[in-house]
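Remarks on the structure that follows.
Protein chains in written order, with our numbering: chain A, 142 to 556; chain B, 312 to 797; chain C, 88 to 208.
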């Protein structure tokens, strides 16, 4: 095995990994190494050729590749090392990384590690759509890679299941390339993507949006021939006489993202079952000391801008942890309460400013987000409108008293 | 070459086992397979179980070939290198009447000469399988598991390297009796053969019809399966089956661990009209989960990563009780025309024993002389199973071993190239999947598909319009966008 | 007088706003929950425009395509004319990010530039 020693190893060279690496360098880290499984850097960004990236961060709306280039350029200038087309096979509990590429097997000893492996897409079987098993069924991201990177058109008559941003963007993309997009099917009563994308991907092109609908059957012995869609009631049960057969040869699945944590699980890092990512403290450190996590690997973000902020923080903390070998004990738990799906970070072990990120369970207007420490309310904020598809950020100051009290925090949605 | 001694129609596990058996002799063998690869039908869509013989009617061919085949498997695995795990099986009884059934089963097993059968108390079963609760359990130690597609492929590829000719994507359209054998017309040319072996599974009646009037009927019976995530592999070590069920509407769901660490739930059993109707249905999927949870309450709800179905070739209808023995015979009307009909479970287990039987039948017609240079190509070790030293050495020799193409299963580019370069000439995403496992993980091809396609394009000049998923007409793509005109 | 319903895209609420216009002036805006969307709605009602992002074929490049965008939003009614013009273009590698691919596409006075670099094969 080829041995390497670094200060900070970042697993994943997408926007999260790149942000974390640059931040680690900016905060005094010397030897920073980024490993990525693809021959390119930027993760998923090179195939996201639409714009809308970096608006909050830079003031201008960039395309995915442009945003990636901005970070790659900076990282290269800062003398950060890269290992491309390199797959991390194992993360050991002593912070050794076993990785492989065309030059051989590597054992990388890192003083601290940032996990930034991103996420994968949900598949047909995660929602168990019955029917035949033909070709022509793609997750939206895979179809996007084929069209935008490899210049391959998957099909001509397309149905998209799922109205998240990826699904909406792909509906438009296929329309641009001459496909017939029959519609976007969404089980909820509202689109889960941004209104901007509903307008600019569907309305602009008269692509129907079937809300309160789902795909109930897939037909096609060899290649896809049709999907059957039907309306669902408020319990998501199918209303039988609303079934409608759509003849198509391509079904794009935009069912949601799952944080990619196989390496974390195999290293016995504790995972939050709701976020799908590791349980972290305010420094984004996992249950394995010296191992930090950021990006979609920690929780699925809505915009790359907010993701980058978190990644910068993780990179900074990863370097800090090398300098100061503080042994922290988990003092306070942070739990999602009434109306809240999840809260990150889930643990607090020192005082200071924390940025909580969270998602509500249902869309609501005129609500108050409250943080309670035991019986005491320590924070409240009025919000005009919330919905599960929009991550909420709350900046909160953890006082010394709060740490001393050892009271767990509960975040709730009221009103 | 157009003239053969034996033409095998159907490249499932039985056809491939026969091809391998015959490839040991100095005769010319050809196999016609209409699918995109061998193992395209029921052979890949089953539980992968090497049955003990306990479920088979004493005195039947099913029982005979199952027990014989079972005894051959360890040697076959040693010789060919396919994975085999003698997990054993618990057949469990929840109450008194079921316990009586267990006792009956034990007697049947003993009559079939199934060794090692033991009736255990519920507490002893729970000791070995903490997630299984029952009143009593019948322990069947000679039940094992394999990967049915790996087994079929290694048989076929070994036959091929010993000069058996395989024509995939080739459908037999016409058979004619000639003076010294048969004329076989296919979608890929015409051939002559002294002997025909009909091992076409569900299509067996269509083939028989080409030469004579069949005196049997085929009743397709679909079995659906669910595949659970490897995360739950520790739930059971051995197979867990309920007592065979008499109640209508109850599946009697089997829970089978797989070689790779997934758990299979199924199969269901539903008589259908269309032998090509391999759909999976919402009802069955829900029933499978429901019944499986009754057997193993610790089974999680959202653990399904895949679902599939296989169609059994039954010779008895539902009204007739759904049970019939294997029917294997040489036609009197057309000597040399050998038919294997109704080879449903325990067909996988029986295949090697049936192959020997067919070899015997053929030896009555043709002199079978053993080849002196019979080659064996064992299944190669996977990169993910090798030691670091072995991995490093391979990468030094060929950098393709250093590029991981399938993230979930750690499959390398070298293994994908090797899978595409197989001696059967099968080239599809499923051919890759079944040979090296790329695409079988929990992301179901999310990462590897684009890389496999890239490899197919670069190394095999595959026109992207020709890239198929798992059947001859299952094209993946429509076209290359905005083609460059030269 | 034209009456349109426009979905505001400034924030996730996506208010459906009614706009009455004679084509040159806005006469009425109703349905907004705040002021932020007003500018957007005004321009969307009188002169709707969109930034177009798509791809262009590359000859002899590491990748067969380079992603491109219009440097400014183009008039909505010209979207498909612009796309058609872009579809016919083939550029030769190497392509530099920001490189102008088409000047004044479809007479919009707006350029199309690459958003990625593509090296020669």
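Where is the CB? At the ideal position from N, CA and C, for every residue including glycine. All figures in this text were calculated on a predicted structure; none of them were measured in a lab.
Return yes when the Cβ of residue j is within less than 7 angstroms of the Cβ of residue i, no when it is not.
i             : j             : result
residue 459/B : residue 355/B : yes
residue 532/A : residue 553/A : no
residue 324/B : residue 666/B : no
residue 570/B : residue 396/B : yes
residue 789/B : residue 296/A : yes
residue 352/A : residue 336/A : no
residue 621/B : residue 357/B : yes
residue 481/A : residue 495/A : no
residue 440/A : residue 465/A : no
residue 473/A : residue 550/A : yes
residue 478/A : residue 508/A : no
residue 215/A : residue 163/A : yes
residue 118/C : residue 98/C  : no
residue 686/B : residue 547/B : no
residue 702/B : residue 246/A : yes
With 16 other CB atoms within 10 Å as the buried threshold, where does residue i fall?
i             : result
residue 130/A : In the structure displayed, chain A extends from 142 to 556; residue 130/A sits before or after that span and is not available.
residue 171/C : exposed
residue 423/B : buried
residue 596/B : buried
residue 640/B : exposed
residue 796/B : Any answer about residue 796/B is weak, because its pLDDT of 36 lies below 50 and its placement is not dependable; what the coordinates show is given next. Residue 796/B comes out exposed.
residue 381/A : exposed
residue 660/B : buried
residue 266/A : buried
residue 110/C : exposed
residue 422/A : buried
residue 384/B : buried
residue 148/C : buried
residue 349/A : exposed
residue 185/C : exposed
So residue i is in the alpha helix (DSSP H); what residue range does that whole segment cover?
i             : result
residue 206/A : 205-218
residue 663/B : 658-674
residue 315/A : 306-317
residue 287/A : 281-289
residue 685/B : Looking at the DSSP string, residue 685/B is not in any alpha helix (DSSP H), and its letter there is neither H nor E.
Pick out whichever of the options has its Cα sitting closest to the Cα of residue i.
i             : options                       : result
residue 779/B : 274/A, 360/A and 534/A        : 274/A
residue 147/A : 283/A, 161/A and 249/A        : 249/A
residue 551/B : 404/B, 631/B and 419/B        : 404/B
residue 427/B : 376/B, 364/B, 392/B and 439/B : 364/B
residue 532/B : 556/B, 587/B and 700/B        : 587/B
residue 100/C : 506/A, 212/A, 198/A and 393/A : 506/A
residue 334/A : 199/A, 193/A, 238/A and 452/A : 193/A
residue 283/A : 720/B, 759/B, 711/B and 445/B : 759/B
residue 139/C : 107/C, 199/C, 204/C and 203/C : 199/C
residue 652/B : 615/B, 514/B, 709/B and 457/B : 514/B
residue 528/B : 633/B, 493/B and 495/B        : 633/B
residue 484/B : 718/B, 469/B, 501/B and 411/B : 501/B
Closer than 6 angstroms: is that where the CB of residue i sits relative to any heavy atom of the ligand FAD?
i             : result
residue 332/B : Absent from the structure shown: the ligand FAD. Ligands present: none.
Can you name the start and end residues of the beta strand (DSSP E) that residue i belongs to?
i             : result
residue 194/A : 192-194
residue 435/B : That residue, residue 435/B, is in no beta strand (DSSP E); its alpha helix (DSSP H) goes 433-439.
residue 882/B : With chain B covering only 312 through 797, there is no way to say anything about residue 882/B.
residue 650/B : 648-652
residue 533/A : 533-539
Starting from residue i, find everything on chain F with Cβ-Cβ shorter than 8 angstroms and list it in chain order.
i             : result
residue 746/B : The structure shown contains no chain F; its protein chains are A, B and C.
Query raised in the report: Closer than 7 angstroms, Cβ to any Cβ of chain C: which residues of the region 296-324 of chain A, in chain order?
Result: 317
Requested in this report: Closer than 7 angstroms, Cβ to Cβ, to anything on chain A: give me those residues from the region 108-127 of chain C, in chain order.
Outcome: none
Requested in this report: Output, in sequence order along the chain, the residues in the region 203-215 of chain A whose CB is closer than 9 angstroms to any CB in chain C.
Outcome: 203, 204, 205, 206, 207, 209 and 210
Report task. Output, in sequence order along the chain, the residues in the region 341-360 of chain A whose CB is closer than 9 angstroms to any CB in chain C. Result -> 341, 344, 345 and 346
Requested in this report: Determine which residues of the region 136-151 of chain C have a Cβ less than 7 angstroms from any Cβ of chain B, and write them out in chain order.
Outcome: Flagged, chain order: 144.
Requested in this report: Mind checking the region 243-270 of chain A against chain B and listing, in chain order, the residues whose C-beta falls within less than 7 angstroms of any C-beta there?
Outcome: 243, 244, 245, 246, 261, 262, 264, 266 and 269
Query raised in the report: For the region 157-188 of chain C, which residues have a beta carbon sitting closer than 9 angstroms to at least one beta carbon of chain B?
Result: Listed in chain order, the positions of the region 157-188 of chain C with a beta carbon within less than 9 angstroms of a beta carbon of chain B are 174, 175 and 177.
Query raised in the report: If contact means a Cβ-Cβ distance below 9 angstroms, which residues of the region 579-597 of chain B contact chain A?
Result: 587, 588, 589, 590, 591, 592, 593, 594, 595, 596 and 597
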